[in-house]
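Each residue of the sequence shown is one higher than the one before, counting from 2 in the working numbering.
We treat Cβ as the ideally placed atom computed from N, Cα and C, and that holds for glycine.
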Amino acid sequence: MNSQSSNVDELIATAKHVSEKMRAEVGIIMPTLNSARVPPAIRPLLQHAEILGVGDDGTRDEIFETVPREYLDIVTDAIAACPEVFDWSRKSEATEAKHLPEVAAIGWMLLGLNLS
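Here it is in structure tokens:
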């Protein structure tokens with residue numbers, strides 16, 4: 002593993018720790034996201050949606066303010082590499098799929114990044 006991927010792994014681990022700690026403080030339980038419920042191109046975003054896709058506005062805002070900026074840049078780059086996420090998210094929100102945790106988490110992540 003090179004140092005760049007090691008740094009990315011560390012940023013993801015730090016962001017995950019921050020998110021889990023803040024969710025635990027307010028009692029938010031994050032459901033496990035099922036990759037089979039999203040198109041293959043969007044699946045790489047699920048690891049970030051598990052960290053940033055929090056429905057509680059205050060907690061989500063606090064997570065986004067606390068995780069490393071470099072991590073948010075990684076997520077923004079991953080979303081830029083997957084522009085179909087926006088169309089999928091809009092279409093899913095207009096159907097019964099809006100009740101799936103994957104749709105909600107990705108939508109909240111986009112909202113937190115001001116991309117929705």
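* **Neighbourhood of isoleucine 13 by C-beta, 6 Å cutoff - its chain only, sequence neighbours within 5 removed** => none
* Are the Cβ atoms of isoleucine 64 and leucine 53 separated by less than 8 Å? -> Contact: yes.
* Complete runs of the alpha helix (DSSP H) confined to the segment 35-69 [at least 4 residues] -> 47-53 and 58-67
* To do: Verify whether the separation of the beta carbon atoms of isoleucine 43 and cysteine 83 is less than 8 Å.
  => yes
* **Reference serine 90; option with closest CA among Ala105, Gly113 and Met23** => Ala105
* Asked: Any idea what DSSP makes of isoleucine 30, helix, strand or coil?
  -> coil
* To do: Give the single residue among Asn35, His49 and Val76 whose Cα lies nearest to the Cα of isoleucine 101.
  => According to the sequence as given, residue 101 is leucine; it is not isoleucine. Leucine 101 has its Cα closest to that of Asn35, out of Asn35, His49 and Val76.
* Kindly list the residues whose CB is nearer than 7 Å to the CB of alanine 79, restricted to its own chain and excluding five residues on each side of it in sequence; keep chain order. => The beta carbon of alanine 79 sits closer than 7 Å to the beta carbons of Pro45, Leu46 and His49 from its chain, once the five residues preceding and following it are set aside; these are given in chain order.
* Starting from the C-beta of glycine 56, find all residues in its chain whose C-beta is less than 6 Å away, skip the five residues before and the five after it, and write them out in chain order. => Trp109
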